[in-house]
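Taking numbering that gives the first Met the number 0, the leading residue of the sequence shown gets 0, the next gets one more, and so forth.
Only one structure is covered here, and it is reproduced in the block below.
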Amino acid sequence: MRASAIILAGGRSSRMGGTDKAFMRVGGRPVIDRSLTLLQEMFDEVILVTNSPDKYAGFWGVRVVTDIVPHMGPLAGLFSGILHASSEQVFAVACDMPFLRREPIAFLQSVLAAADSVDAVVPIWDADVEPLHAFYRTRVAAVAERLLRRGNNGLRELLAAIKVRYVPEESLLRVPGAEETFRNVNTPADAARFAVEV
């Protein structure tokens with residue numbers, strides 16, 4: 000099944016003291032490089048959405064695009080990525096997930112393939128939705144655009160307005176690599192716990 004991957008690399012994080020999370024390191028290697036390597040193996044194309052495109056000029060095999068609607072958060076990033084995607088489905092992921100694993104991503108894609116009527120497949124992990132480790136059909140672009148025009152910039156607003164298949168944590172725990180793939184680094188404490196260099 001053809002699909003595109005969209006990495007949202009919005010920039011600096013206040014909770015990380017202004018660190019650009021895409022360039023944190025694991026084993027000396029930038030997180031963004033680790034993510035790109037896996038996603039390029041799995042998807043027909045990889046699109047990176049950022050407001051700082053010059054930072055990514057040296058990365059091979061990725062289309063770097065800027066937010067069509069700047070400063071409107073992750074919904075604008077997803078919308079921008081979808082508009083550049085050549086596939087009818089996209090895997091959207093945040094740049095602060097340094098331990099992405101193939102198996103959980105493939106599992107979520109299989110759920111989408113088996114459910115033509117749904118617009119998105121979104122995992123639930125640690126009692127919360129993970130809209131930036133999720134699959135979307137590109138037809139959600141029209142809904143995203145409507146929300147952005149109204150000043151709504153959150154992914155939860157999008158999920159409330161489309162048909163979503165939520166995948167519970169208990170299902171994901173049966174998939175190899177799930178506990179690693181959902182580790183995201185939002186704070187210095189997260190970085191210390193997962194041995195991520197900031």
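Glycine included, C-beta positions come from ideal geometry on N, C-alpha and C.
- Between the C-alpha atoms of E87 and L74 there is a straight-line separation of about 18 Å.
- In this structure, the alpha-carbon of N151 lies about 34 Å from that of V174.
- Contact check for A93 against L147 fails: the beta carbons are separated by 8 Å or more.
- Judged by DSSP secondary structure, H132 falls outside any alpha helix (DSSP H) and instead within the beta strand (DSSP E) spanning 132-136.
- Under the three-state reduction of DSSP, E40 is assigned to helix.
- Secondary structure of L47 (DSSP, three-state): strand.
- Counting only the Cα atoms, V45 lies some 8 Å from L35.
- Taking C-beta atoms as the reference points, A119 and I67 fail to come closer than 8 Å.
- Excluding sequence positions up to five before and after L154, its CB lies within less than 6 Å of the CB of P73, L74, P130, all in the same chain and listed in chain order.
- Under DSSP, Q88 takes part in a beta bridge, and its partners are R136.
- The residue among A141, E102, V163, A143 with its C-alpha nearest the C-alpha of V128 is V163.
- One alpha carbon belongs to A114, the other to A2, and they sit about 15 Å apart.
- Leaving aside the five residues that flank R100 on each side, the residues in its chain whose CB is nearer than 6 Å to its CB run, in chain order, G176, E179, T180.
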